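One structure below.
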Amino acid sequence: MRALVTGGAGFIGSHIADAVEGQGWQVVILDDLSTGRDENLEGSGAELIKGDVCDREACLAATEGVEVVFHLAAARAVGLSVTDPVTSDRVNTGGTVNLLTAARDNGVRRVIIASSSSVYGGVAPLPTPEDAPLYPKSPYAVSKMASETYCRVFSELYGIETVVLRFFNVYGPRQHPRSPYAAAIPLFVEALLKGDAPTIHGDGLQSRDFTFVEDVVNANLAAAKVPEAAGRPYNIAAGRQHTILDLIAAIQSVLGTEIEPVHTDPRPGDVRASCADASRAEEELGWRAQVGFEDGLRRTIEWLRDQN
Ligand SMILES: NC(=O)c1ccc[n+]([C@@H]2O[C@H](COP(=O)([O-])OP(=O)(O)OC[C@H]3O[C@@H](n4cnc5c(N)ncnc54)[C@H](O)[C@@H]3O)[C@@H](O)[C@H]2O)c1
């Protein structure tokens with residue numbers, strides 16, 4: 000059986016591609032390598048099509064003979080979408096429509112898309128269930144909400160199975176500190192490893208539900224298999240709320256450092272608090288996060304140390 004992973008050279012996509020290959024599937028990756036890396040594909044048996052999800056021909060070629068698509072390709076950064084909403088809309092919304100259309104034309108059975116906790120916008124109750132109101136606060140979040148809506152419409156119009164996975168702050172090996180708009184964990188670890196003060200946007204009391212990449216991979220595998228998942232959105236999260244100050248303290252405790260963070264202005268488009276109710280994924284996909292926060296941090300820090 001053949002699977003396509005769009006964005007398969009990126010942080011999360013490359014782990015998914017490895018795991019799907021490990022299940023005996025033939026894997027094709029469609030990635031323009033804009034933020035993805037060749038080194039993430041070392042040892043992979045996947046076929047790489049270097050191309051853009053916005054390119055119709057590339058999506059048609061990539062979906063040929065494919066049964067399941069894991070759609071990860073996106074302009075991932077909230078901050079980038081605030082400065083350049085047009086790109087975020089073109090790649091994330093436009094790329095999703097293009098991919099879904101190619102999937103329809105090639106008779107793909109199921110498309111699993113990487114959505115985001117950002118669709119809730121921090122106004123929903125905590126912990127947040129999937130049926131909470133959606134209130135995007137950045138162009139990135141709008142693009143994810145639009146992608147989710149396209150999935151529903153494609154299911155209803157064309158019968159293609161779609162599953163929406165709303166990831167909450169994913170972290171782990173292969174998440175790079177040196178890419179533009181790098182995520183908080185690799186940035187903090189990198190600063191502390193160098194003996195520098197980590198920079199916090201705002202007071203540090205904003206919270207996130209940090210989810211280890213291996214758990215996210217297993218959620219994708221489950222979403223590919225469970226028939227009843229079609230048409231459903233799922234929160235994919237550890238279901239634990241950590242403030243940024245807690246996070247830095249936990250990293251410092253692993254590293255044995257005691258460096259005072261510095262604070263800058265809050266970032267526009269960021270949500271204040273985020274924590275998932277992930278019970279639907281447990282009940283319907285038989286999935287729950289397994290990796291503890293300290294264990295996940297330790298494994299991430301080990302990988303980042305090796306990069307230096
Ligand atoms: N990292 C997180 O915490 C998080 C949280 C919620 C949702 N997500 C979603 O998960 C997915 C993967 O994110 P990630 O953290 O691995 O980011 P990433 O930047 O490492 O991966 C994105 C991949 O998509 C590729 N890509 C970008 N634009 C493309 C285009 N036009 N055509 C083809 N390929 C393109 C990049 O080269 C990269 O390999 C994204 O859809 C992101 O929005 C991530």
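The numbering of the sequence shown is numbering that gives the first Met the number 0, which starts it at 0 and goes up by one.
For every residue, glycine included, the Cβ atom is placed at its ideal position computed from N, Cα and C.
Please read all numbers here as calculations on a predicted model, not as lab measurements.
- Separation of the CB atoms of leucine 303 and glutamate 189 is rounded to 7 Å, and the pair is thereby assigned contact status at 8 Å.
- Excluding the 5 residues flanking it on each side, asparagine 97 has same chain C-beta neighbours closer than 7 Å at Val52, Cys53, Arg55, Cys58, in chain order.
- Distance between glutamate 66 and methionine 0, taken at the CA atoms: about 7 Å.
- Distances from the CA of threonine 263 to each of Pro197, Leu192, Arg103, Gly291 were compared; the closest alpha carbon is that of Pro197.
- Our two residues, aspartate 245 and cysteine 274, have alpha carbons roughly 14 Å apart in a direct line.
- Approximately 5 Å separates the beta-carbon atoms of leucine 3 and alanine 61; this is inside 8 Å, confirming the contact.
- Between valine 225 and glutamate 160, the C-beta gap is not smaller than 8 Å, which leaves the two residues out of contact.
- The beta carbon of serine 206 is closer than 7 Å to those of Gln240, His241, Thr242, Ala272, Ser273, Cys274 in its chain, skipping five residues each way along the sequence.
- By the criterion of a C-beta distance shorter than 8 Å, lysine 49 is surrounded in its chain by Asp30, Asp31, Leu32, once the five residues flanking it on both sides are discounted.
- Out of Ala8, Gly9, Thr5, Ile15, the CA that lies nearest to the CA of asparagine 217 is found in Ile15.
- When secondary structure is reduced to three states using DSSP, tyrosine 119 falls in the helix class.
- When secondary structure is reduced to three states using DSSP, histidine 262 falls in the strand class.
- DSSP places histidine 14 in the helix class (H, G or I) of the three-state scheme.
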